[in-house]
Amino acid sequence: MIKHHPSKIINLNDIKDSKLKYAFVVLNRPIEADAKLIEELWNHSAINITVDGGTNRWLSWLRKHKLQDKLKHPTLITGDLDSIKDESLDYFSRTKIIQTPDQDATDFTKCLRVLEPFINELSISYIVALCETSGRIDQILANINTLHKNLQKPNDISRPVYILSSTSVTWMLQSGQHEINIPKEIRNMWCSLIPIGQPTTVTTTGLKWNLTDHLMKFGGIVSTSNTYDDRSEAVEISNDLPLLWSMGLKHED
Numbered sequence: 001m002i003k004h005h006p007s008k009i010i011n012l013n014d015i016k017d018s019k020l021k022y023a024f025v026v027l028n029r030p031i032e033a034d035a036k037l038i039e040e041l042w043n044h045s046a047i048n049i050t051v052d053g054g055t056n057r058w059l060s061w062l063r064k065h066k067l068q069d070k071l072k073h074p075t076l077i078t079g080d081l082d083s084i085k086d087e088s089l090d091y092f093s094r095t096k097i098i099q100t101p102d103q104d105a106t107d108f109t110k111c112l113r114v115l116e117p118f119i120n121e122l123s124i125s126y127i128v129a130l131c132e133t134s135g136r137i138d139q140i141l142a143n144i145n146t147l148h149k150n151l152q153k154p155n156d157i158s159r160p161v162y163i164l165s166s167t168s169v170t171w172m173l174q175s176g177q178h179e180i181n182i183p184k185e186i187r188n189m190w191c192s193l194i195p196i197g198q199p200t201t202v203t204t205t206g207l208k209w210n211l212t213d214h215l216m217k218f219g220g221i222v223s224t225s226n227t228y229d230d231r232s233e234a235v236e237i238s239n240d241l242p243l244l245w246s247m248g249l250k251h252e253d
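For the record, in the sequence shown the residue sitting at position 150 is 150 according to full-length UniProt numbering, with numbers rising by one throughout.
As structure tokens, then:
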């Protein structure tokens, strides 16, 4: 059984105490997650990457929170560089730039490719991508497609990729059996299981509305707006094909 501990991404103490190394990626979306959480994730990561226009957003965020002199510069800047401003390039002039011009892949997908050599070199265990999950639905779906494609990589370079927003954390569950530890502070929040790519047979425990050998597919059953059993500290999921898992971090307005 694969065990998942999202507290290593959303709990400040767990971020500081974790001995696992991770990569932190800033995508080109508004930065609205908790400022202290972002600061800790950035400070404790083994490698930091800003992706194209995400570099502009990162610089604006640093200035807004007066952290320009407190946080290290990105390790890398990647992307096709059609969105990054000259001001950002000048400010982060000491940062290595890796241009990824391939128009058949998104900047997020290409960023994960750039990360591949560092996976083993830096002993990276997982990747956190900072990205709001609102706005253009085509970009949201493209990011989910990137998560799905990441599962197809060889085991030696495939690592879990978590999309962190101000209201949720989302990742793909490969086929198999999973146990997701639910941090106490979010047990009254929503969660969802969504089949991606093809129909998936799913069994769960620990949810308010559990599934038992349910065939999940678009055009059939998807489990959105679910939540947790009041007595459960963890959710167990068995899925025969990849499944998208998302969990709320705070109540939506």
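Ideal placement from N, C-alpha and C gives every residue a C-beta, glycine not left out.
- For K21, the uninterrupted beta strand (DSSP E) segment begins and ends at K21 to V26.
- Distances from the CA of N210 to each of C191, K184 and K217 were compared; the closest alpha carbon is that of C191.
- Closest by C-alpha distance to L141, out of Y228, F108, E121 and P117, is F108.
- In the three-state reduction of the DSSP assignment, H148 falls in the helix class, which pools H, G and I.
- Rounded to whole angstroms, the gap between the alpha carbons of S88 and N226 is 41 Å.
- When the alpha-carbon of I2 is set against those of A46, I180 and T212, the nearest one is in I180.
- Per DSSP, the continuous beta strand (DSSP E) segment holding S225 begins and ends at S223 to N226.
- Burial is judged here by how many other beta carbons sit within 10 angstroms of a residue's own beta carbon; I124 has at least 16 and is buried.
- Exclusion of the five residues before and after V51 leaves V25, V26, L27, N28, T78, G79, D107, F108 and C111 as the residues of its chain whose Cβ lies within less than 7 Å of its Cβ.
- Under the three-state reduction of DSSP, C191 is assigned to strand.
- Following the DSSP letters along the chain, one finds G54 inside the alpha helix (DSSP H) bounded by residues G54 to K64.
- S175 is not a Cβ neighbour of A33, given a cutoff of 8 Å.
- Scanning L164, M216 and I38 for the CA closest to the CA of S134 turns up L164.
- Only residues of its own chain outside the window of five on either side were considered, and among them S88 and Y91 have a CB closer than 7 Å to the CB of L59, listed in chain order.
- The segment 92-99 makes contact with the segment 62-77, as at least three CB pairs between them are under 8 Å.
- Contact annotation: the segment 232-248 touches the segment 197-211, with at least three C-beta pairs closer than 8 Å.
- Residue environment: A35 is assigned as exposed (fewer than 16 neighbouring CB atoms within 10 Å of its CB, all protein chains considered).
- With 16 or more other Cβ atoms from the protein chains shown falling within 10 Å of its own Cβ, E132 counts as buried.
- The count of Cβ pairs closer than 8 Å, one atom from the segment 112-122 and one from the segment 65-74, stays below three, leaving the stretches out of contact.
- For G220, the closest alpha carbon among the candidates R231, E236 and I196 is that of I196.
- Rounded to whole angstroms, the gap between the alpha carbons of Q103 and E40 is 33 Å.
- Rounded to the nearest whole angstrom, the CA to CA distance from S246 to A105 is 24 Å.
- DSSP places Q103 outside both helix and strand once states are collapsed to three, so it counts as coil.
- If you draw a straight line from the Cα of S232 to the Cα of H178, it is about 15 Å long.
- The beta-carbon separation of L249 and S158, rounded to 25 Å, does not stay under the 8 Å limit for a contact.
- Annotation for W42: the continuous alpha helix (DSSP H) segment containing it runs A35 to H44.
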